[in-house]
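**Student:** In this note's numbering, the protein residues as written are 217 to 672.
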Ligand code: GDG
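Right under this line is the structure:
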């Protein structure tokens with residue numbers, strides 16, 4: 217069996233603390249052997265290409281340090297200030313700077329130079345996410361003939377939006393160097409296909425084989441899942457029970473609504489707070505019977521737009537609490553801190569409503585974790601944005617337009633009034649999907665497809 221070389225911006229091998237994706241990739245690397253390669257997260261004064269090898273829980277990791285300029289232009293710049301906003305349909309936030317594009321290209325060349333000698337002839341190479349679009353092409357130009365796959369964890373934007381990126385064509389041409397390109401959903405796959413067809417004269421057949429200029433690449437819709445078993449074990453842990461009891465007690469008989477998101481403008485937190493406020497205003501009888509617990513650990517704090525969303529949300533939570541709170545009740549409990557996964561599982565289970573309303577999301581794993589943590593006899597209700605990739609698989613959730621405060625408010629009313637019978641009916645279907653299409657299913661589906669030969 218061929219070894220696996222996983223390449224991603226950051227490497228997080230090891231046990232359960234990092235979440236399902238890291239657990240699954242670690243399990244695959246343990247089973248097949250191989251290496252997880254990426255940036256160490258550290259800065260060096262001068263790039264040397266020195267590789268730090270480590271062995272973590274049976275997984276070999278290889279990481280390199282980057283120079284300050286690379287980190288600024290490649291990571292904070294092109295990845296987080298250009299591609300992330302654009303691919304989440306936020307051209308208003310996307311910054312188009314040639315220096316970012318140049319730094320991104322340079323960092324990818326550095327990744328290619330350093331990882332190349334680690335790859336053996338029959339290894340499967342699997343590149344992850346938008347930080348590394350050009351890596352496949354860079355590896356090919358250095359003579360690598362192995363099978364190379366790419367998986368995109370975020371949405372692929374519609375053609376007209378992508379066309380606003382000065383390097384759009386170059387970026388797509390770079391992707392054609394891979395043998396297999398994976399997306400979470402049909403929608404993202406179609407948007408990619410649309411660009412290649414309309415802008416580059418490519419064709420796609422019924423098996424999603426894409427052909428441009430004589431080169432054929434396979435496209436695959438392959439929705440990522442969670443490690444449902446691992447999450448169920450978290451939910452059954454003592455820490456989860458303790459957290460469950462603590463959170464329920466603190467709600468003093470009120471119904472908890474929970475949101476858990478990295479603090480990111482794509483997650484629709486502002487719109488969520490406004491939808492909840494609308495619910496409070498329109499349902500005076502329900503007021504004081506509910507509490508919204510929003511957990512939002514800060515991320516990417518060195519990027520301006522993330523600092524802005526943080527202060528906007530603080531202001532909004534303060535205003536809503538100021539307008540509605542009473543002596544013994546605060547409507548929004550807004551927590552800017554992360555918690556261990558077993559505690560999160562307890563929080564999900566203690567909450568009768570899971571509010572997952574991103575404006576755009578490649579998949580969204582919180583929706584799946586919320587479902588996996590529920591009590592089968594008395595499950596909560598998932599309210600899910602129709603613009604999350606997860607909505608393609610989770611039609612039994614209450615699907616909402618996250619831009620509409622009215623729809624969020626109505627869905628909250630529906631969720632709170634839903635009979636136990638109906639909650640169980642919906643939850644069973646959702647849970648069946650979460651269990652069937654778990655992260656191991658995703659991993660196998662992608663790597664099996666990568667092994668299949670496409671004739672070029
Ligand atoms: C990208 C795509 C796609 C959150 N708060 C805490 C915590 N988390 C964990 C959640 C979940 C993970 O972070 C977030 O995953 P998401 O899928 O919701 O979102 P992104 O981080 O934006 O991930 C996304 C994903 O890649 C996989 O392909 O689904 O669409 O944007 O697991 O539980 N974990 C802990 N404490 C917290 O407070 N321990």
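Where is the CB? At the ideal position from N, CA and C, for every residue including glycine.
#1: Indicate whether the contact test is met: 3 or more Cβ pairs, each with one atom in the segment 489-499 and one in the segment 617-633, closer than 8 Å.
#2: When you compare only the Cα positions, how much space is there between residue 331 and residue 639?
#3: Quick one: what does DSSP say residue 410 is sitting in, helix, strand or coil?
#4: Along the beta strand (DSSP E) that carries residue 259, what are the first and last residues, could you check?
#5: Residue 641 to residue 449, Cα distance in whole Å?
#6: Within 10 angstroms of the Cβ of residue 259, are there 16 or more other Cβ atoms? Answer buried if so, exposed if not.
#7: Quick one: using the 10 Å Cβ neighbour count with 16 as the cut-off for buried, is residue 423 buried or exposed?
#8: Look up residue 550 in the DSSP assignment and give the residues it is bridged to.
#9: Could you check which residue in 353, 379, 573 has the C-alpha nearest to that of residue 307?
#10: For ligand 1, is there a heavy atom less than 7 Å away from the beta-carbon of residue 308?
#11: What residue does the beta strand (DSSP E) around residue 467 start on, and which one ends it?
#12: Where DSSP assigns a beta bridge to residue 600, which residues make up the other side?
#13: Who are the Cβ neighbours of residue 377 in its own chain at under 8 Å, not counting the five residues just before and after it?
#14: Grab me the residues of residue 562's own chain with a C-beta within less than 6 Å of its C-beta, minus the 5 sequence neighbours each way, in chain order.
#15: Along the beta strand (DSSP E) that carries residue 545, what are the first and last residues, could you check?
#16: Give a yes or no on whether the C-beta atoms belonging to residue 473 and residue 569 are separated by under 8 Å.
#17: To which residues does DSSP link residue 278 through a beta bridge?
#18: Within the same chain, show all residues whose beta-carbon is closer than 6 Å to that of residue 261, passing over the 5 residues directly before and after it, in chain order.
#19: Within its chain, find whatever has a CB closer than 8 Å to the CB of residue 218; leave out the 5 residues flanking it on each side and keep chain order.
#20: Which of helix, strand or coil does DSSP assign to residue 656?
#21: Just the Cα atoms here: how many angstroms apart are residue 355 and residue 266?
#22: Buried or exposed for residue 268, going by 16 or more other Cβ atoms inside 10 Å?
#23: Identify whether residue 283 lies in helix, strand or coil by the three-state DSSP scheme.
#24: Touch check for the segment 642-649 and the segment 609-619: three-plus C-beta pairs under 8 Å?
#25: From which residue to which residue does the alpha helix (DSSP H) around residue 321 run?
#26: Rounded to the nearest angstrom, what separates residue 489 and residue 535 at their Cα positions?
#27: Check whether the Cβ atoms of residue 334 and residue 253 lie closer than 8 Å to each other.
#28: What do you reckon, is the C-beta of residue 654 under 7 Å from a heavy atom of ligand 1?
#29: Is the beta carbon of residue 383 closer than 8 Å to that of residue 317?
#30: Measure the CB-CB distance between residue 349 and residue 387 and report whether it falls below 8 Å.
#31: Just curious, the alpha helix (DSSP H) that residue 224 is in, first and last residue?
#32: So, residue 599 versus residue 633, is the Cβ gap smaller than 8 Å?
#33: Using only alpha-carbon positions, find the residue among 246, 346, 421, 657 that is nearest to residue 373.
#34: Here's the rule: buried if 16 or more other CB atoms are within 10 angstroms of the residue's CB, otherwise exposed. What is residue 310?
#35: Who does residue 342 pair with in a DSSP beta bridge?
**Tutor:** Per the coordinate set shown:
#1: yes
#2: 49 Å
#3: helix
#4: 250-260
#5: 23 Å
#6: exposed
#7: exposed
#8: 510
#9: 379
#10: no
#11: Here residue 467 belongs to no beta strand (DSSP E), and DSSP marks it neither H nor E.
#12: 572, 615
#13: 302, 305, 307
#14: 456, 459, 460
#15: Unbroken run through residue 545: none, as it is neither H nor E.
#16: yes
#17: 253, 269
#18: none
#19: 248, 338, 339, 340, 667
#20: helix
#21: 18 Å
#22: exposed
#23: strand
#24: yes
#25: 314-331
#26: 10 Å
#27: yes
#28: no
#29: yes
#30: yes
#31: No alpha helix (DSSP H) holds residue 224; the beta strand (DSSP E) holding it covers 220-226.
#32: no
#33: 346
#34: buried
#35: 222, 365
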